[in-house]
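All remarks here apply to the structure that follows.
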Amino acid sequence: MLKILQTELKEVFIMEYAVNQDNRAIFHRTFSKELLLNSGVFTEFTEEISYHPMKKDTLYGIHFQNHPKPQAKLIYCAKGRILDFAIDLRSNSETYKKWVCVELNEDNKRQLYIPHGFGHAALTLVDNSNIVMRIDNAFDPSLSKAIRYDDKEIALNITASDIILSSQDNIAPFLADSDCNL
(Lines of atoms letter the chains of each structure in order from A and count residues from 1; the text may use other names and numbers.)
(Lines give C-alpha, C1' and ligand atoms only; values in the text may rest on other atoms or scores of the structure.)
Protein backbone atom coordinates (compact mmCIF):
# COMPACT_ATOMS: atom_id res chain seq x y z
CA MET A 1 0.00 0.00 0.00
CA LEU A 2 1.14 3.54 -0.79
CA LYS A 3 -0.26 6.59 0.96
CA ILE A 4 0.07 10.01 -0.72
CA LEU A 5 0.10 13.12 1.49
CA GLN A 6 -0.42 16.52 -0.12
CA THR A 7 1.91 19.43 0.68
CA GLU A 8 1.25 23.16 0.35
CA LEU A 9 2.61 22.90 -3.21
CA LYS A 10 0.14 20.70 -5.06
CA GLU A 11 2.73 19.11 -7.38
CA VAL A 12 5.02 18.12 -4.48
CA PHE A 13 3.88 15.34 -2.19
CA ILE A 14 4.97 12.99 0.55
CA MET A 15 4.76 9.25 0.01
CA GLU A 16 4.47 6.60 2.69
CA TYR A 17 4.70 2.89 1.90
CA ALA A 18 3.13 0.44 4.35
CA VAL A 19 5.56 -0.86 6.96
CA ASN A 20 5.38 -4.55 7.85
CA GLN A 21 6.91 -6.51 10.70
CA ASP A 22 7.34 -10.09 11.73
CA ASN A 23 9.50 -11.89 14.30
CA ARG A 24 12.59 -11.39 12.11
CA ALA A 25 12.47 -7.79 10.96
CA ILE A 26 10.67 -4.63 9.97
CA PHE A 27 10.38 -4.32 6.20
CA HIS A 28 8.87 -1.94 3.68
CA ARG A 29 9.09 -1.02 0.03
CA THR A 30 11.25 1.86 -1.06
CA PHE A 31 9.98 1.74 -4.63
CA SER A 32 7.08 0.25 -6.58
CA LYS A 33 6.46 1.37 -10.15
CA GLU A 34 2.99 -0.17 -10.06
CA LEU A 35 1.94 1.58 -6.84
CA LEU A 36 3.33 4.89 -8.14
CA LEU A 37 1.37 4.54 -11.39
CA ASN A 38 -1.79 3.64 -9.46
CA SER A 39 -1.25 6.80 -7.37
CA GLY A 40 -0.91 9.02 -10.44
CA VAL A 41 2.88 9.31 -10.57
CA PHE A 42 3.91 8.71 -14.17
CA THR A 43 7.59 9.60 -13.80
CA GLU A 44 9.98 7.00 -15.18
CA PHE A 45 12.96 6.99 -12.83
CA THR A 46 16.21 6.00 -14.52
CA GLU A 47 18.93 6.44 -11.89
CA GLU A 48 19.37 6.23 -8.14
CA ILE A 49 22.05 8.19 -6.31
CA SER A 50 23.14 7.64 -2.73
CA TYR A 51 24.61 10.69 -0.96
CA HIS A 52 26.38 10.21 2.41
CA PRO A 53 27.06 13.46 4.28
CA MET A 54 29.30 12.66 7.24
CA LYS A 55 28.50 15.71 9.37
CA LYS A 56 25.40 17.34 10.81
CA ASP A 57 24.49 20.68 9.14
CA THR A 58 25.75 19.64 5.70
CA LEU A 59 23.65 21.39 3.09
CA TYR A 60 23.00 20.01 -0.39
CA GLY A 61 21.56 22.58 -2.77
CA ILE A 62 19.52 24.43 -3.93
CA HIS A 63 20.17 22.23 -7.01
CA PHE A 64 18.24 21.72 -10.24
CA GLN A 65 18.82 20.80 -13.86
CA ASN A 66 17.74 23.15 -16.65
CA HIS A 67 15.80 22.32 -19.82
CA PRO A 68 15.91 20.32 -21.98
CA LYS A 69 16.59 17.72 -19.25
CA PRO A 70 14.96 18.91 -16.01
CA GLN A 71 14.87 16.34 -13.25
CA ALA A 72 12.03 14.96 -11.20
CA LYS A 73 13.30 13.43 -7.95
CA LEU A 74 12.06 10.97 -5.38
CA ILE A 75 14.01 11.46 -2.15
CA TYR A 76 14.25 9.41 1.03
CA CYS A 77 16.60 9.19 3.98
CA ALA A 78 17.90 5.63 4.46
CA LYS A 79 19.94 6.56 7.54
CA GLY A 80 19.88 9.55 9.85
CA ARG A 81 17.62 12.62 9.63
CA ILE A 82 17.33 15.42 7.07
CA LEU A 83 15.20 18.41 6.27
CA ASP A 84 14.33 18.16 2.60
CA PHE A 85 13.22 21.22 0.62
CA ALA A 86 11.36 21.50 -2.70
CA ILE A 87 11.46 25.03 -4.18
CA ASP A 88 9.24 26.12 -7.10
CA LEU A 89 11.57 27.69 -9.68
CA ARG A 90 9.02 27.99 -12.50
CA SER A 91 8.84 31.72 -13.20
CA ASN A 92 5.33 31.41 -14.70
CA SER A 93 3.92 29.52 -11.70
CA GLU A 94 1.47 30.88 -9.10
CA THR A 95 3.77 29.42 -6.44
CA TYR A 96 7.06 30.73 -7.89
CA LYS A 97 9.75 30.95 -5.16
CA LYS A 98 7.52 29.15 -2.65
CA TRP A 99 8.85 26.05 -0.96
CA VAL A 100 7.98 23.17 1.32
CA CYS A 101 10.16 21.44 3.89
CA VAL A 102 9.67 17.88 5.11
CA GLU A 103 11.68 15.93 7.65
CA LEU A 104 12.76 12.61 6.18
CA ASN A 105 14.39 10.05 8.42
CA GLU A 106 15.07 6.36 8.82
CA ASP A 107 12.18 6.01 11.28
CA ASN A 108 9.33 7.75 9.42
CA LYS A 109 10.39 6.18 6.10
CA ARG A 110 8.74 9.02 4.19
CA GLN A 111 9.69 9.98 0.66
CA LEU A 112 9.37 13.35 -1.03
CA TYR A 113 8.39 13.59 -4.70
CA ILE A 114 9.78 16.69 -6.43
CA PRO A 115 8.59 17.22 -10.03
CA HIS A 116 10.20 19.04 -12.95
CA GLY A 117 10.52 22.78 -12.38
CA PHE A 118 11.55 22.57 -8.73
CA GLY A 119 14.87 23.02 -7.00
CA HIS A 120 15.99 20.64 -4.28
CA ALA A 121 17.92 21.20 -1.06
CA ALA A 122 18.62 18.93 1.91
CA LEU A 123 20.09 19.71 5.32
CA THR A 124 21.42 16.94 7.54
CA LEU A 125 20.21 17.03 11.15
CA VAL A 126 22.62 14.35 12.43
CA ASP A 127 26.04 12.96 11.54
CA ASN A 128 26.35 10.08 9.07
CA SER A 129 23.09 10.46 7.16
CA ASN A 130 22.33 8.70 3.89
CA ILE A 131 20.13 10.47 1.34
CA VAL A 132 18.82 8.45 -1.61
CA MET A 133 17.63 10.26 -4.75
CA ARG A 134 15.83 8.63 -7.65
CA ILE A 135 15.90 10.80 -10.77
CA ASP A 136 14.24 10.60 -14.17
CA ASN A 137 16.90 12.35 -16.30
CA ALA A 138 20.59 11.57 -16.02
CA PHE A 139 22.94 14.17 -14.59
CA ASP A 140 24.18 16.55 -17.29
CA PRO A 141 27.01 18.81 -16.06
CA SER A 142 26.20 21.44 -18.71
CA LEU A 143 22.61 21.75 -17.39
CA SER A 144 23.24 21.20 -13.68
CA LYS A 145 22.76 24.43 -11.71
CA ALA A 146 22.64 25.73 -8.16
CA ILE A 147 21.18 28.76 -6.37
CA ARG A 148 22.39 30.14 -3.05
CA TYR A 149 20.55 28.61 -0.12
CA ASP A 150 20.42 32.00 1.65
CA ASP A 151 18.77 33.85 -1.24
CA LYS A 152 16.40 36.34 0.43
CA GLU A 153 13.88 36.05 -2.46
CA ILE A 154 13.39 32.38 -1.57
CA ALA A 155 13.99 32.71 2.19
CA LEU A 156 14.46 29.07 3.16
CA ASN A 157 14.05 28.50 6.88
CA ILE A 158 17.52 27.15 7.65
CA THR A 159 18.62 27.86 11.19
CA ALA A 160 21.89 25.89 11.32
CA SER A 161 24.77 28.20 12.23
CA ASP A 162 27.82 26.33 10.91
CA ILE A 163 26.59 25.05 7.56
CA ILE A 164 28.93 22.85 5.54
CA LEU A 165 28.70 23.61 1.81
CA SER A 166 30.27 22.17 -1.33
CA SER A 167 32.46 24.41 -3.48
CA GLN A 168 29.57 24.57 -6.01
CA ASP A 169 27.15 25.78 -3.35
CA ASN A 170 29.68 28.29 -1.96
CA ILE A 171 29.83 30.11 -5.30
CA ALA A 172 26.21 29.57 -6.41
CA PRO A 173 24.47 32.73 -7.66
CA PHE A 174 21.29 34.20 -6.26
CA LEU A 175 18.12 33.35 -8.22
CA ALA A 176 18.00 36.79 -9.87
CA ASP A 177 21.54 36.25 -11.21
CA SER A 178 21.07 32.64 -12.27
CA ASP A 179 20.28 31.22 -15.67
CA CYS A 180 17.39 29.12 -14.37
CA ASN A 181 15.06 28.27 -17.29
CA LEU A 182 12.49 26.08 -15.59
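Numbered according to the numbering used here, the sequence shown spans residues 9 to 190. Idealized CB from N, CA, C, for every residue including glycine.
At the C-beta level, Ala129 and Tyr68 come within 8 Å of one another.
By the criterion of a C-beta distance shorter than 6 Å, Ala180 is surrounded in its chain by Ala154, Ile155, Arg156, once the five residues flanking it on both sides are discounted.
With contact defined as three or more Cβ pairs closer than 8 Å, the segment 10–21 and the segment 89–108 are in contact.
Leu120 is positioned such that its CB atom lies closer than 8 Å to that of Asp92. Here Cys109 is bridged, per DSSP, to Phe93. Rounded to whole angstroms, Glu24 and Met9 show a C-alpha spacing of 8 Å. Where Leu183 is concerned, there is no enclosing alpha helix (DSSP H), because DSSP gives it neither an H nor an E. Taking 4 residues as the minimum length, the alpha helix (DSSP H) runs contained wholly in the segment 13–79 are 41–46, in order along the chain. Of the other Cβ atoms in all chains shown, 16 or more fall within 10 Å of the Cβ of Gln73; this residue is therefore buried. Inter-residue distance for Leu97 and Asn28 is about 37 Å (C-alpha atoms, whole angstroms). Phe147 has its alpha-carbon roughly 22 Å from the corresponding atom of Thr38.
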